[in-house]
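Read in numbering that gives the first Met the number 0, the sequence shown has 234 at position 235, and its numbers run on one by one without any break.
The beta carbon of each residue, even a glycine, is placed where N, CA and C say it ideally should be.
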Amino acid sequence: MDGKKAVIWLVIAVLVLTAFGSGYLIAYKETKTQAEITLIDGVGRVVEIYETPKRVVSMASSATEILYAIGCGENIVGVDKYSDYPSDVKNKTVVGSSYSPNLEAIVGLEPDLLIAWWYARDNLLPIEDKVTVMYINPQSVEDVLQLIRQIGLIMNKVEEAEKLVEEMQSRIENITKITEDLNKSQRPLVYYELSKKGRTVGQGTFTNELIYMAGGINIAADEPFRYPDLTDEYIIARNPDVIVVVSY
C-alpha cells in the first residue's frame with residue numbers, strides 16, 4: 000500500500016465521521032414582537048414558526064449536534080436514543096427513536112419544535128396536530144450546510160450558524176485540495192455500514208458525497224436506492240479497502 004492511499008484512508012475517516020439534514024425557506028418576517036418563519040420541510044410540508052422555540056425535541060442526532068454547536072443545548076428538552084454527542088446530551092430525556100418514538104413522552108415535554116428525520120413521519124403523524132414538526136432530509140453536503148443555516152435562523156442564532164458553516168466549508172476545502180485530483184485507481188473502495196447489518200448509503204445521500212470528497216469511492220454509489228441493504232456476497236465481491244461501521 001502506498002503512503003498517499005493511506006493518507007486518503009485517514010481523510011475519509013475524518014470527513015465522514017465528522018459530518019453532521021433539509022428544507023427550503025419560503026419567507027422570513029421580523030417584527031418587534033416575533034420573527035415569523037415559513038418554510039418547506041424535508042417531506043414537502045409547509046411549516047410555520049411564529050417565535051423562537053424555547054423547548055426543542057430532536058429526533059435526529061445530526062440536528063442535536065447542530066443545536067449544541069450553535070449554542071442551543073439548553074433549549075433541548077428531549078432527544079432520540081441515537082443522540083449521544085456532546086456528553087451533556089445524556090442529561091436530556093430520551094423519547095425513543097425514529098422507528099419507535101414515545102409519542103406520549105414527546106407531547107408531555109411540551110416542545111415548541113420537534114425536529115425529525117424524513118423517514119420518521121409515518122410514526123409521528125398522530126402528533127402533528129399537537130406539536131410543530133420539521134422533518135429534515137439532506138441529500139447533499141450543501142443541503143447539510145443549508146440545514147445549519149435554517150436551524151440557526153429558527154433559533155435566532157444566525158451568526159453562530161454561519162460561523163459553523165464557514166468552519167465546515169474550510170475543513171472540506173482543506174480535504175478536497177488533497178483529494179480532488181485523484182484518479183479512480185488512487186481512490187480506495189469504501190463500505191459504510193449503518194446500524195443495521197448490510198444497510199449502507201447510496202446515491203442521493205450526503206454521506207455518499209462525503210466519501211467521494213474524502214478521496215474514496217462508495218461501493219454502493221451506483222445502487223438505485225438511497226439506503227440499500229447489501230448482502231455479504233455483494234460486499235465481499237466488491238472487496239472494499241476501507242470499512243466504516245456506524246455504532247450507537
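When E73, V93, G72, G70 are compared against Y81, the one with the closest alpha-carbon: Taking the sequence shown and counting its residues from 1, one reaches residue 81 at position 82. With distances taken between Cα atoms, Y81 lies closest to V93.
Nearest neighbour of R120, chosen from P100, S86, R198 [CA to CA]: Position 121 of the sequence shown, counting from 1, holds the residue named residue 120. Checking every option, the nearest Cα to that of R120 belongs to P100.
Selection from W117, A68, S139, E179 that minimises the alpha carbon distance to K162: As a first step, residue 162 must be located in the sequence shown, where it is residue number 163. Closest by alpha carbon: A68.
Runs of beta strand (DSSP E) wholly within the segment 71-114 (minimum 3 residues, chain order): 75-78
Those residues which DSSP pairs with Y67 across a bridge: What you label residue 67 is simply residue 68 of the sequence shown in a count that begins at 1. According to DSSP, Y67 bridges with nothing at all.
Candidates D221, I147, Y191, of which the one nearest C71 by Cα: Taking the first residue of the sequence shown as position 1, residue 71 is located at position 72. The shortest C-alpha separation from C71 is found at I147.
Inter-residue CB distance, D111 and P187 (contact presumed, cutoff 8 Å): For the purposes of this step, residue 111 is identified with residue 112 of the sequence shown, where counting begins at 1. For the purposes of this step, residue 187 is identified with residue 188 of the sequence shown, where counting begins at 1. Rounded, the Cβ-Cβ distance is 45 Å, inconsistent with contact.
Buried or exposed by the 16-neighbour rule on C-beta atoms within 10 Å, applied to F224: Stepping through the sequence shown from its first residue, residue 224 is reached at position 225. It counts as exposed.
Cβ neighbour criterion (16 or more within 10 Å) applied to N207: Within the sequence shown, residue 207 is the residue found at index 208, counting from 1. The residue is buried, with at least 16 neighbouring Cβ atoms inside 10 Å.
Enclosing beta strand (DSSP E) for I235 [first to last residue]: The sequence position of residue 235 within the sequence shown is 236, counting from 1. Where I235 is concerned, there is no enclosing beta strand (DSSP E), although the alpha helix (DSSP H) it sits in stretches over 231-237.
Of the listed residues P85, Y98, Q202, nearest to V140 (C-alpha basis): For the purposes of this step, residue 140 is identified with residue 141 of the sequence shown, where counting begins at 1. That would be Q202, whose Cα lies nearest to the Cα of V140.
Run of the beta strand (DSSP E) containing Y190, from where it starts to where it stops: Locating residue 190 in the sequence shown gives position 191, counting from the first residue. Its beta strand (DSSP E) spans residues 188-192.
Local Cβ density within 10 Å of Y190, reported as buried at 16 or more and exposed below that: Indexing the sequence shown from 1 puts residue 190 at position 191. Counting Cβ neighbours within 10 Å, Y190 comes out buried, since at least 16 surround it.
Burial state of V88, where buried means 16 or more other Cβ atoms lie within 10 Å: As a working mapping, residue 88 is identified with position 89 in the sequence shown. V88 comes out buried.
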